[in-house]
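Below: the structure, in structure tokens.
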Amino acid sequence: MTAFIVPAYPAARQARCVALLAAMLLVLTACSTGTRIAMPDLEHQVAAAEAAIDAGRPTDAANRFEALAATYPEHAAELHARAADAWLAARARPRADAALARARALPADAAAGGSIAVVEAEIARLDGDAAGALAALAFDVSALPRPLQARVLLARADAEAALGMPLIAVVDLTARAGRLPDDDAQRANAQRLWRILVSARGGLDPTALPLNSPAEAQHWVELAVHARAAWQDPVGARGRIEAWQTANPEHPAVRFVLPGLMEQLASADHYPAKVALLLPLSGRYSEQAEAVRDGVIAAHYAAGAQTELRVFDTTDYPGGATAALAAARSWGAGFVVGPLTREGVTELAAAGPADPPLLALNYLDGGAGTPERFWQFGLLPEGEAEAIAERAMAQGLVRAAVLHPRGDWGTRMSTAFQQRFTALGGLVLADQQYDPTVAEKDFSTAIMRLLNLDTSALRSNLLNNALGQKVNAEPRRRRDLDFIFVAAREREAPLLRAQLRFHRAADLPTFASSHVWRADGAREPDLDGLEFADMPFTISNDAALVAQRGQLTALWPEGMARQGRLYALGLDAYRLIPLFANLPAPLAEPVPATTGLLSLGAGLRVRRELDWARFIEGRPQPVPVPVVPLPPAVAEGSTPP
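Sequential numbering from 18 applies to the sequence shown in my numbering.
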């Protein structure tokens, strides 16, 4: 997921330098002491400090700014703020805090106040507080020099995007475009705006823009709606985008976004002549294989591509994937989708570079080498556990308890969550297993241990024994937790949620993965209040996805009720083929697909960013998806990651 951050482009550094000098010039021209400061010398030293930042020497820049603050006390507030900004870039948080404190203690004009606010916002961002960053920037920018206006608007838009408010961010970035000096800066601004729109979770609605938003912002959102629909209908979307271009020939997207977008769309329906699908149609995973197959077939017919599609059975035996691939090669396949099982994927990866190119429907183990042209895409449960860690940190929840079932699946979910959560700076204070096979599904023992209720009850019993009489005492759960992560499947989840409420944990935010429900329309009132991660296909209210779910359910009602997410995997796998087959950098920009926001990560692994929902009156309702913050700045003197 993309974090809220103010980028340090050289152009932006130059703009801040201009803003600083402009503010100083205003003060100098009003000076009545009779003493004239040599502006050429000040300009030279400020430029040297900015150059040091651009050259990767922020510590040198910070020291220069602090020396300038001592030399030019009438500008000290602004210069100390700039020093604080440079110390942050140097990962020297204590020195940044000290410089900011000095800036705050001095009289400040509008420009100095704006620079101080930008540093305050960056510190809030580093602390994982996007709301605090936005609050620091909630002022009218019109009194600032134009380059500083541009920086404040950028920081504000990043905070808004991080808080799940992409439309507000679009308005600020549209306003920022008018404050930028050249085409390069305009292009960077337009591409940043576009990434926010493309990456926005849930649907986009131009009519939901704030009142009095500029028409340019509305046209940005309209274009994004057309582009996002291209995943379901690339041909139709291309026609709608061309009509948009005709209606808006002077829009900045025409220069800065449309060329790359149209190139991607041109490749989106250009499939190889023969595509092979490798699935275990016989054996333990036949039901899952059939769901993926039917999703691929549905996408194949919807695309109207002139390509031949054939399914090869990998069976359930060692060597089955290798034999199926050999048969696909003999047939003349130009692209391969599959295998589905991790064993099959590992088997084919051991053979070396993929020939023909291959999109596996599962993942290699983390330590395994990845052959060339061997992309991996699947519904990895551990990915959902990592998404929960990111969700909690984005909400400022840093102290977790984990409740998971015994067995391999539960251990994998717990491990993935804890590794990601601690990497982001979180603390796991409790980790408790429960037995999913326990009689009558009574999980009280595990829950009481998780919440320290058993210890509280023990203290009460000891007190009773010591006094020789019964003391009325209510067991008290631990109060040092911010939330609970529950790894559970649909059979245990409602009971676990109900028993957590019974054991005094109703007020604790509780997160889970998509495994807690079947997505078959049945109400689950016991899950009320639970937040969970899932793919857009199952929880989004987007009209195109709702229609697609309806079409597939009409064709395969029983399969969709049991394996709906695997149908979505098949849909997306087929639609990814032309991107991997034709583009030199597939998924260089995130794609809002059926199974999530897709991007390409390390090891040729497709990464899914998920949507979020909360159970309300027994049914999941979509909720905003904030962006995960970066970890806090490391201490001064340590090595940046």
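Yeah, the Cβ is synthetic: ideal placement off N, Cα and C, and Gly gets one too.
Cross-strand partners of residue i (DSSP beta bridge)
i, result
"D448", "V419"
"A377", "Q393"
"T527", "I501"
"E548", "F528, R631"
"A293", "R327, V353"
"R624", "S616"
"P609", "L614"
Alpha carbon of residue i to alpha carbon of residue j, nearest angstrom
i, j, result
"P670", "S461", "An answer regarding residue 670 cannot be provided, because it is not within the stretch 18 to 658 covered by the chain."
"R245", "L151", "28 angstroms"
"A207", "R196", "13 angstroms"
"A94", "E60", "17 angstroms"
"I54", "G442", "For I54, the pLDDT reaches just 37, beneath the cut-off of 50, and the residue's location in the model is therefore unreliable, although a value from the coordinates is still provided. Distance between the alpha carbons of I54 and G442: 47 angstroms."
"E91", "P111", "25 angstroms"
"A510", "K291", "44 angstroms"
"R310", "E457", "38 angstroms"
"E399", "H97", "45 angstroms"
"P641", "R257", "28 angstroms"
"A320", "A107", "50 angstroms"
"N558", "D114", "44 angstroms"
"L143", "L547", "28 angstroms"
"S299", "R390", "27 angstroms"
"A433", "A402", "6 angstroms"
"V354", "N379", "11 angstroms"
"A217", "T88", "47 angstroms"
"Q62", "T387", "50 angstroms"
"R301", "D452", "25 angstroms"
"G576", "H421", "28 angstroms"
"L414", "I213", "24 angstroms"
"P162", "V313", "55 angstroms"
"Q638", "G145", "25 angstroms"
"Q580", "I556", "15 angstroms"
"A47", "A66", "Confidence in A47 is poor, its pLDDT being 34 and thus under 50, which makes the residue's placement too unreliable to answer from."
"A116", "W237", "39 angstroms"
"A25", "A100", "Because A25 carries a pLDDT of 36, less than 50, the predicted location of this residue cannot be relied on, and no value is offered for it."
"W104", "D175", "21 angstroms"
"D545", "A539", "13 angstroms"
"I185", "L221", "12 angstroms"
"S159", "A128", "11 angstroms"
"A564", "L512", "33 angstroms"
"Q166", "D199", "15 angstroms"
"E541", "Q435", "28 angstroms"
"V455", "T363", "35 angstroms"
"A350", "L278", "28 angstroms"
N- and C-terminal bounds of the beta strand (DSSP E) containing residue i
i, result
"Q305", "Looking at the DSSP string, Q305 is not in any beta strand (DSSP E); the run it does join, the alpha helix (DSSP H), is 303 to 320."
"F500", "500 to 503"
"E325", "325 to 330"
"R631", "628 to 633"
"V640", "636 to 640"
N-terminal and C-terminal residue of the alpha helix (DSSP H) that residue i is part of
i, result
"S216", "200 to 216"
"Q565", "560 to 572"
"R99", "93 to 106"
"H236", "232 to 245"
"Q412", "Careful: Q412 lies outside any alpha helix (DSSP H) and carries neither H nor E."
"A80", "Residue 80 is actually Asn in this sequence, not Ala. Taken as a continuous stretch (DSSP letters only), the alpha helix (DSSP H) holding N80 covers 75 to 88."
"E364", "359 to 366"
"E259", "251 to 264"
"W248", "Counting along the chain, W248 falls outside any alpha helix (DSSP H), and DSSP gives it neither H nor E."
"E541", "That residue, E541, is in no alpha helix (DSSP H); it is neither H nor E in DSSP."
"S284", "275 to 285"
Anticipated Cβ contact below 8 angstroms, residue i with residue j, distance rounded
i, j, result
"I133", "R121", "6 angstroms"
"M552", "L617", "Actually they are not in contact, since the Cβ atoms of M552 and L617 sit about 18 angstroms apart, beyond 8 angstroms."
"D189", "R173", "5 angstroms"
"L588", "L596", "The pair is not a contact, with the Cβ atoms about 14 angstroms apart (cut-off 8 angstroms)."
"L357", "P297", "6 angstroms"
"L170", "R193", "4 angstroms"
"L468", "H520", "6 angstroms"
"L444", "R408", "That belief does not hold up - the Cβ atoms of L444 and R408 are roughly 16 angstroms apart, past 8 angstroms."
"A515", "D543", "5 angstroms"
"N599", "H287", "6 angstroms"
"A366", "T339", "11 angstroms between Cβ atoms; not a contact."
The segment 567 to 585 in contact with the segment 628 to 635 per 3-pair CB rule at 8 angstroms = Contact between the segment 567 to 585 and the segment 628 to 635 is absent, because fewer than three Cβ pairs lie under 8 angstroms.
ask   = Can at least three beta-carbon pairs, one atom from the segment 529 to 549 and one from the segment 503 to 520, be found at a separation below 8 angstroms?
value = yes
message = Taking 8 angstroms as the cut-off, does the segment 600 to 616 touch the segment 367 to 380 (at least 3 CB pairs, one atom from each stretch)?
response = With a cut-off of 8 angstroms, the segment 600 to 616 and the segment 367 to 380 do not count as touching, because too few Cβ pairs lie within range.
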